[in-house]
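Asker: Pasting in a structure now, in structure tokens, and then I'll have a few things to ask.
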Amino acid sequence: MAKNKLFTCLKKRNYLNTHVFERKECIKYGELYQKQGFLSDAIDFFVKAEAKEKLEELLPQVITEGDVFLFTKIYQALKKKPSTSDWERIGEVAFKLGKWQFALKAFRSAENEEKIREMEQLLKKEGMFFSAASNLPFLKQKNSKLGKRK
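Going by our numbering, the first residue of the sequence shown is number 3, and it counts up by one from there.
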């Protein structure tokens with residue numbers, strides 16, 4: 003790979019799936035992807051290199067961006083559970099940034115019923131879908147011309 007050049011998606015997949023690699027090289031690729039703003043890919047390289055310190059360094063940035071997906075991905079890679087206060091913090095940031103689905107997920111993970119209700123009401127008011135299994139219309143029993151759906 004040329005200096006400062008990213009892999010094609012297939013080369014990246016092949017590299018990440020190979021069993022033989024150099025840890026330092028893998029970390030350098032992760033840093034390159036991080037520098038280019040591809041944090042999910044950077045996380046993949048850091049996970050492969052087992053570079054826990056690099057994953058932990060990404061957490062403040064991910065929280066600042068309100069990215070619950072990457073936040074969860076990092077904690078899963080570290081084999082740790084985020085604290086309730088961490089969930090609350092990223093939920094508040096996501097909310098302020100208008101990332102309401104992420105905020106809802108964070109507040110659910112924090113088990114903050116008050117914030118969950120607020121987010122669900124806001125999403126309903128804005129006509130946006132929110133992922134609450136009990137509120138999905140296609141999961142509710144319904145009579146149709148084709149018969150009962152259970």
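No residue lacks a Cβ here, since even glycine has one placed at the ideal position from N, Cα and C.
Just so we're clear, the structure is a prediction, and the values are computed from it rather than from any experiment.
Around the C-beta of Gly-39, are 16 or more other C-beta atoms found within 10 angstroms, so that it is buried, or is it exposed?
Answerer: By the neighbour-count rule (16 or more Cβ atoms within 10 Å), Gly-39 is not buried but exposed.
Asker: Starting from Ala-108 and walking both ways along the alpha helix (DSSP H), at which residues does that stretch end?
Answerer: Run containing Ala-108: 102 to 111, per the alpha helix (DSSP H) assignment.
Asker: Exposed or buried, what is Gln-36 when buried is set at 16 or more other beta-carbons lying within 10 Å of its beta-carbon?
Answerer: With 16 or more Cβ atoms within 10 Å of its Cβ, Gln-36 is classed as buried.
Asker: Taking only three categories from DSSP, how would you classify Gln-38?
Answerer: Coil, per DSSP.
Asker: Assuming Glu-116 is part of the alpha helix (DSSP H), what are its boundary residues?
Answerer: Unbroken alpha helix (DSSP H) run through Glu-116: 115 to 127.
Asker: Please say whether Leu-80 and Lys-107 have beta carbons closer to each other than 8 Å?
Answerer: Not closer than 8 Å, so no.
Asker: Hey, which unbroken runs of the alpha helix (DSSP H) at 4 residues or more fall wholly within the stretch 8 to 96?
Answerer: If we require 4 residues or more, the alpha helix (DSSP H) runs fully inside the stretch 8 to 96 come out as 11 to 19, 25 to 37, 41 to 50, 54 to 66, 70 to 80.
Asker: Look at the alpha carbon of Val-64 and the alpha carbon of Phe-48, and state the distance between them as a whole number of angstroms.
Answerer: Cα to Cα, Val-64 sits roughly 15 Å from Phe-48.
Asker: Of the residues Met-130, Gln-103, Gly-129, which one's Cα is nearest the Cα of Lys-117?
Answerer: For the residues Met-130, Gln-103, Gly-129, the minimum Cα distance to Lys-117 belongs to Gln-103.
Asker: With a CB to CB cut of under 7 Å and the five nearest residues on each side skipped, what residues in its chain are close to Arg-15?
Answerer: If we look at Arg-15 and ignore the five residues flanking it on each side, it has no Cβ neighbours.
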